[in-house]
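> The listed protein sequences correspond, in order, to chains A and B. In this text, residue positions in the first sequence follow the working numbering: the first is 39, and each later residue adds one. In this text, residue positions in the second sequence follow the working numbering: the first is 39, and each later residue adds one.
2 protein chains.
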Amino acid sequence: MFKPSDFISVKRRIKPYIHETRILSSKSINEISGNNIFLKPECLQKTGSFKIRGAASKITSLAQGEKIDGVVTASSGNHGQAVAYMAKTFGIKATIVIPNNAPQAKIKAMEGYGAEIVLVGPMSNERLDMAQKIARERGYIYIPPYDDLEVIKGQGTIGLELIKWGEKIDKVFVPIGGGGLISGIASCIKTFYPKIKVIGVEPKGSCSMYTSWIKGEITEIATDTIADGLRAVKPGEITFPLVQKYVDNIVLVEEDEIKAAMALYMERMKLIVEPSGAVTLAAILKEEALNQNLVGIVSGGNVDITKISQYFLE
Amino acid sequence: MFKPSDFISVKRRIKPYIHETRILSSKSINEISGNNIFLKPECLQKTGSFKIRGAASKITSLAQGEKIDGVVTASSGNHGQAVAYMAKTFGIKATIVIPNNAPQAKIKAMEGYGAEIVLVGPMSNERLDMAQKIARERGYIYIPPYDDLEVIKGQGTIGLELIKWGEKIDKVFVPIGGGGLISGIASCIKTFYPKIKVIGVEPKGSCSMYTSWIKGEITEIATDTIADGLRAVKPGEITFPLVQKYVDNIVLVEEDEIKAAMALYMERMKLIVEPSGAVTLAAILKEEALNQNLVGIVSGGNVDITKISQYFLE
Chain A
39 MFKPSDFISV KRRIKPYIHE TRILSSKSIN EISGNNIFLK PECLQKTGSF KIRGAASKIT
99 SLAQGEKIDG VVTASSGNHG QAVAYMAKTF GIKATIVIPN NAPQAKIKAM EGYGAEIVLV
159 GPMSNERLDM AQKIARERGY IYIPPYDDLE VIKGQGTIGL ELIKWGEKID KVFVPIGGGG
219 LISGIASCIK TFYPKIKVIG VEPKGSCSMY TSWIKGEITE IATDTIADGL RAVKPGEITF
279 PLVQKYVDNI VLVEEDEIKA AMALYMERMK LIVEPSGAVT LAAILKEEAL NQNLVGIVSG
339 GNVDITKISQ YFLE
Chain B
39 MFKPSDFISV KRRIKPYIHE TRILSSKSIN EISGNNIFLK PECLQKTGSF KIRGAASKIT
99 SLAQGEKIDG VVTASSGNHG QAVAYMAKTF GIKATIVIPN NAPQAKIKAM EGYGAEIVLV
159 GPMSNERLDM AQKIARERGY IYIPPYDDLE VIKGQGTIGL ELIKWGEKID KVFVPIGGGG
219 LISGIASCIK TFYPKIKVIG VEPKGSCSMY TSWIKGEITE IATDTIADGL RAVKPGEITF
279 PLVQKYVDNI VLVEEDEIKA AMALYMERMK LIVEPSGAVT LAAILKEEAL NQNLVGIVSG
339 GNVDITKISQ YFLE
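Put into structure tokens, the structure is as follows:
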């Protein structure tokens, strides 16, 4: 479906707008694990998460031809921030539809990037309906959070930044929410090195991709996890078949394992990682000590400071 | 007092044992400040603080000649961890004397490096007496936390890593506890570029160096601050005259300003910085917006995760 050149050309297009995050490692975490762990810290990416890659890919793909009046999306999280930031960069209008119970800090961050905020009720279909209505009425481009080929290729540029190590890498662990990040990374890596294993990670309390993957069909589930970026009730129509085709395994992690991984990041690496970003280290720490070369994608670092206490004082 | 070659030779000696920490900056913090801020993140240094530089300098200076039976110091904080780590690296014994009310986490960290822990009462003179007794009885080398020329030269290697930018730097902000870090950095920088201003930073609640500097003589004070690494009741005999000679100014910061700086590190840079390490950004944010090139030394990142909540939930 994808060719190596797809990712290379998207990377070239988005390069001015993103950081190429530098791999981090920790001797003490390696000692705990018994494997060589290489962490790709997208928490240190612009806007604090990988989402800027997909947003930049989508917007630059449009900017090559169409005239853009504005962009719109429905996300109070990392995707919303990424779209707002990229729109500001390109000097186009952005409207972000979010639930009226979203934290003030997130609203402020998006307003800080100059985005218009539209508040609707707390149900996710209300947000999507409103975003699509705005797109229709104003002629704005809707930027999907994951189920879009341009967005997926953008996230896949992380894979491109990993393949310079070639087949020395044994496994790459990737968080799964709607599946955009893992679809992109798995498609990219397998295009170059089919032998590298790509492992998806979901919280046990929010495992719609795992459930669908086992059943062989898109399945809706209830979600309950601190990993707010991974609370997708079902996989995407585009991402699900890509996961079926390219992902080698999906592993589940407990809430306590996510918190323990966050604590390790803070204590050993002095790094703030959001729960959704910490799931990969949680999964890696369950691997057998076999001196393997394991890569963990740290998807983001946007977490309310006051929430950190809640996780560790309970 | 010091020659440029002093710092160069110490740097060469300790290079195998330390990281040369890479300068970090944040576009959003620069926008808040109106200056160009360059942060030297010693929180990402081995053992989580700059203290390893001084410990490495002292131990390698001994290792060149004397036979060492063991080393001993009195510190439950970053200096204790640094000495324990360096002793392990050299395969020599380390004994760390700490108060019996020290947090378990710190004791575990030092035991993790193979150090022997000796518990005494909570008064600081009890620790020092016991450490010197052990040094005498066992023939161990006592490693002072700051008032020692080898230790000071070790901390000064941070200055050496900054001078490659030459006179483009307007000011360097350095936390002050006992004065070892700023003595080293100021001596080093002024040896190369006397025009670069070196500014010391102390918490208002613990400003023994400021008080002594104003009075012109070593003065003892009471201390009360969340910046536990900066709770020195008086400057050192060696560090005080160096500060008088080389430091251009000393500024004081409030507890709330320290907390706000810690929050900025977490939110904007995804970085865990301990209160003592955050004082420099707190001071920098009080500078006028003049597009100056300001360097902040981030001395360490060792903070109990559960304490972070206390700082931000109050």
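All C-beta atoms in this analysis are idealised placements derived from N, C-alpha and C, irrespective of residue type, glycine included.
Taking Cβ positions, are B:S87 and B:S337 nearer each other than 8 angstroms?
Yes, Cβ-Cβ distance for B:S87 and B:S337 is below 8 angstroms.
> Between A:I181, A:M247, A:A265, which has its C-alpha nearest A:T257's C-alpha?
Comparing Cα-Cα distances from A:T257 to each of A:I181, A:M247, A:A265, the minimum goes to A:M247.
> The alpha helix (DSSP H) with B:R121 in it runs from where to where?
Checking the sequence shown, residue 121 of chain B turns out to be Val, not Arg. That run of the alpha helix (DSSP H) goes 116 to 128.
> Please list, in chain order, the chain A residues whose beta carbon lies closer than 7 angstroms to that of B:M304.
Within 7 angstroms Cβ-Cβ: I310, I343.
> Can a CB atom of chain B be found closer than 8 angstroms to the CB of A:G72?
No, its Cβ sits nowhere closer than 8 angstroms to a Cβ of chain B.
> Run down chain A in chain order and give the residues with a C-beta less than 7 angstroms from the C-beta of B:L82.
Ordered by position in chain A, the residues that pass the 7 angstroms Cβ test against B:L82 are K308.
> Going by C-alpha to C-alpha distance, which of A:M124, A:A140, A:I172, A:D342 sits closest to A:P160?
It is A:A140.
> Which residues in chain A have a C-beta closer than 7 angstroms to the C-beta of B:G339? List them in chain order.
The contacting residues are K308.
> Should A:P213 be labelled buried (16 or more other beta-carbon atoms within 10 Å of its own) or exposed?
A:P213 is buried by the Cβ-count criterion.
> Let me know the secondary structure DSSP gives B:L323 once reduced to three states.
B:L323: coil per DSSP, three-state reduction.
> Residues bridged to A:G238 by DSSP?
Answer by DSSP bridge pairing, in chain order: A:V212, A:I288.
> Please list the partners that B:F88 has in chain A, where partner means a Cβ-to-Cβ separation under 7 angstroms.
Chain A residues near B:F88: none, gap ~13 angstroms exceeds 7 angstroms.
> Please check if any C-beta of chain B sits within less than 8 angstroms of the C-beta of A:I75.
Not one chain B Cβ lies under 8 angstroms of A:I75.
> Starting from A:F230, trace the alpha helix (DSSP H) both ways and give me its first and last residue.
Taken as a continuous stretch (DSSP letters only), the alpha helix (DSSP H) holding A:F230 covers 218 to 230.
> Could you pull the start and end residues of the alpha helix (DSSP H) that A:N331 belongs to?
A:N331 -> not in any alpha helix (DSSP H); beta strand (DSSP E) instead, spanning 331 to 336.
> Could you tell me which chain A residues have their CB closer than 9 angstroms to the CB of B:D350, listed as they occur along the chain?
The sequence shown places Phe at residue 350 of chain B, rather than the Asp named in the question. Simply I343, T344, I346, S347.
> Within the 8 angstroms Cβ cut-off, does A:A301 reach chain B?
Answer yes: the Cβ-Cβ gap between A:A301 and chain B drops below 8 angstroms somewhere.
> According to the Cβ coordinates, are A:V291 and A:A321 closer than 8 angstroms?
Result yes, Cβ atoms of A:V291 and A:A321 sit closer than 8 angstroms.
> Give the range of the beta strand (DSSP E) segment to which B:P137 is assigned.
Unbroken beta strand (DSSP E) run through B:P137: 131 to 137.
> Would you list the one or two residues that DSSP bridges to B:V156?
Answer is B:V135, bridged to B:V156.
> Per DSSP, which one or two residues make a beta bridge with A:P279?
Answer by DSSP bridge pairing: none, since A:P279 is not bridged.
> Report buried or exposed for B:Q83, applying the criterion of at least 16 other Cβ atoms within 10 angstroms of its Cβ.
The residue is buried, with at least 16 neighbouring Cβ atoms inside 10 Å.
> With distance defined between alpha-carbon atoms, name the residue in B:A120, B:G192, B:E149, B:F350 nearest to B:D294.
Closest option to B:D294, Cα to Cα, is B:F350.
> For A:A327, which of A:L157, A:N68, A:G334, A:C81 has the nearest alpha-carbon?
Cα-wise, what sits closest to A:A327 is A:N68.
> Could you check whether A:K191 and A:D44 sit closer than 8 angstroms to each other, using their CB atoms as the reference points?
Against a cut-off of 8 angstroms, the Cβ pair of A:K191 and A:D44 comes out as a contact.
> So, is A:P232 buried or exposed, given that buried needs 16 or more other C-beta atoms within 10 angstroms?
The residue in question, A:P232, is exposed, as its Cβ has fewer than 16 Cβ neighbours within 10 Å.
> Would you mind working out which of A:K78, A:A301, A:E255, A:V236 sits nearest A:D208, comparing C-alpha positions?
Cα-wise, what sits closest to A:D208 is A:V236.
> Around the Cβ of B:M304, are there at least 16 other Cβ atoms within 10 angstroms (buried) or fewer (exposed)?
So B:M304 counts as buried.
> According to DSSP, simplified to helix, strand and coil, what is B:P183?
Of the three classes helix, strand and coil, the one that applies to B:P183 here is coil, per DSSP.
> Can you give the Cα-Cα distance for A:N138 and A:S113, rounded to whole angstroms?
One C-alpha to the other measures close to 12 angstroms.
> Taking a contact to mean a Cβ-Cβ separation below 8 angstroms, would you say A:I357 touches A:I75 in this structure?
Residue 357 of chain A cannot be examined here, being either before or after the span of chain A that is shown, 39 to 352.
> Kindly indicate the opening and closing residues of the beta strand (DSSP E) around A:A112.
That run of the beta strand (DSSP E) goes 108 to 112.
> Within the same chain, show all residues whose beta-carbon is closer than 6 angstroms to that of B:A120, passing over the 5 residues directly before and after it, in chain order.
If we look at B:A120 and ignore the five residues flanking it on each side, its Cβ neighbours are T85, K89, I90, A93.
> Can you tell which of B:F230, B:F128, B:G215, B:G274 has the C-alpha that lies nearest to the C-alpha of B:G315?
Comparing Cα positions, the closest option is B:G215.
> Is A:F230 closer than 8 angstroms to A:P42 when the C-beta atoms are compared?
Yes, the pair counts as a contact, with Cβ atoms nearer than the cut-off.
> Provide the residue span of the alpha helix (DSSP H) that contains A:N76, from first to last.
Position check: residue 76 of chain A holds Phe in this sequence, whereas Asn was assumed. Careful: A:F76 lies outside any alpha helix (DSSP H), inside the beta strand (DSSP E) at 74 to 79.
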